[in-house]
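Take 1197 as the starting number for the sequence shown in my numbering and just add one per residue. Ideal Cβ positions, reconstructed from N, Cα and C, are used throughout, including at glycine. For clarity, every value in this text was computed on a predicted model and none was experimentally measured.
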Amino acid sequence: MDRLDTSRGASPLYLQISQILRKKIVSKEYSYNTIIPSETELQKMYNVSRITARQAIQELEKDGMVKRSRGVGTVVVYQERIEEYLSHIKSFTNEMKERGITPSTSYAHIGLAEADEKLAALFGVDTGAKLYRLDRVRNGDGSPIVLFVSHFTLECDLVLDDSLYFGSIYEMLQEKGFTPEYVEECFDCIMPEAWVREHLGMPKGMPALRRIRRSYTENGKMLEYTVSYYRSDRYAYYVTLKKA
């Protein structure tokens, strides 16, 4: 167990304890949604007063690392923000793997939807024509990060079986001979609707990062139109620009 520095001039004990706990949270020794030691347990662990233990936890609360839950304890709410650098076309699965994060899917549903005027214009089909619609919630290390709402033409020949869409959709498309050669993307920040918050476990009042992707094949035909809703506390994008 980490020892506290009680020498003259050392930091206050509550700050030392909060720093120890902070390191354990960031290193995932105390992972997201787990419970850290209680005030009483911290008292015994570090031989400090109840007030000191309480102050240590309050420091973590102020920084949004933990949250007290009545009848449960002090729960870790900190999640490392995932930073994506926009330079190449990547699937969500590959993005996560490159960062040592385990990707997964907690929800997937595929069906047929009628193209409205906007989708019809994008895909070059008649209004009311059928398109595939695929909704998925993708996770990183078990917690939800993004809700994808994707549309594809019937040429993609997708199977209407939800159980088939818990992995990489790009790998599935490539096996069928469809590869995105270039994409156009738009980003903005919105207050998500209730159904989006429900899928991502977002509290009311938290904004979402919305990413709209249009993927095209080599001949310029639209392959995919996806609206993605990211938890703003879990994801950030970086763009590197060079002088023309």
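Counting along the chain, where does the beta strand (DSSP E) carrying V1355 start and finish? Along the sequence shown, read from residue 1 onward, the residue named residue 1355 stands at position 159. V1355 -> no beta strand (DSSP E), and no H or E assigned at all.
Could you tell me how far apart the beta carbons of Y1412 and P1388 are, in whole angstroms, since I believe they sit closer than 8 Å? Numbered from 1 along the sequence shown, position 216 holds the residue referred to as residue 1412. Numbered from 1 along the sequence shown, position 192 holds the residue referred to as residue 1388. Going by Cβ atoms, the distance from Y1412 to P1388 rounds to 27 Å, so no, they are not a contact pair.
Indicate the three-state DSSP secondary structure (helix, strand or coil) for E1237 in the structure shown. To locate residue 1237, count along the sequence shown from 1; it is residue 41. Here E1237 sits in helix by DSSP.
Rounded to the nearest angstrom, how far is the Cβ of T1248 from that of L1209, given a contact under 8 Å? As a working mapping, residue 1248 is identified with position 52 in the sequence shown. As a working mapping, residue 1209 is identified with position 13 in the sequence shown. With 8 Å as the limit, T1248 and L1209 qualify as a contact, their Cβ atoms being about 5 Å apart.
Helix, strand or coil for E1377? Go by DSSP, reduced to three states. Locating residue 1377 in the sequence shown gives position 181, counting from the first residue. In this structure, E1377 counts as coil in the three-state DSSP scheme.
Within this structure, are the beta carbons of G1269 and I1231 separated by less than 8 Å? Translated into the one-based positions of the sequence shown, residue 1269 becomes position 73. Translated into the one-based positions of the sequence shown, residue 1231 becomes position 35. Taking 8 Å as the Cβ cut-off, G1269 and I1231 qualify as a contacting pair.
Write down the C-beta distance between A1404 and V1423 rounded to the nearest angstrom, noting that I regard them as a contact closer than 8 Å. Along the sequence shown, one-based indexing puts residue 1404 at 208. Along the sequence shown, one-based indexing puts residue 1423 at 227. No, A1404 and V1423 are not in contact; Cβ-Cβ is about 11 Å, not under 8 Å.
Once DSSP output is grouped into helix, strand and coil, what is the label at L1200? Walking along the sequence shown from the start, residue 1200 turns up at place 4. In the structure shown, L1200 adopts coil according to DSSP, grouped into three states.
From the DSSP output, in three-state form, read off M1387 for me. Stepping through the sequence shown from its first residue, residue 1387 is reached at position 191. Reduced to three states, the DSSP call for M1387 is coil.
Close-in-space but distant-in-sequence residues of the same chain around V1355 (CB under 6 Å, 5 per side omitted): Taking the first residue of the sequence shown as position 1, residue 1355 is located at position 159. The answer is none, since no qualifying residue turns up.
I'd like to confirm the pairing. Which residues does DSSP put opposite V1333 in its beta bridges? Here residue 1333 refers to the residue found at position 137 when the sequence shown is read from its first residue. For V1333, which the question treats as bridged, DSSP gives the partners Y1303 and L1343.
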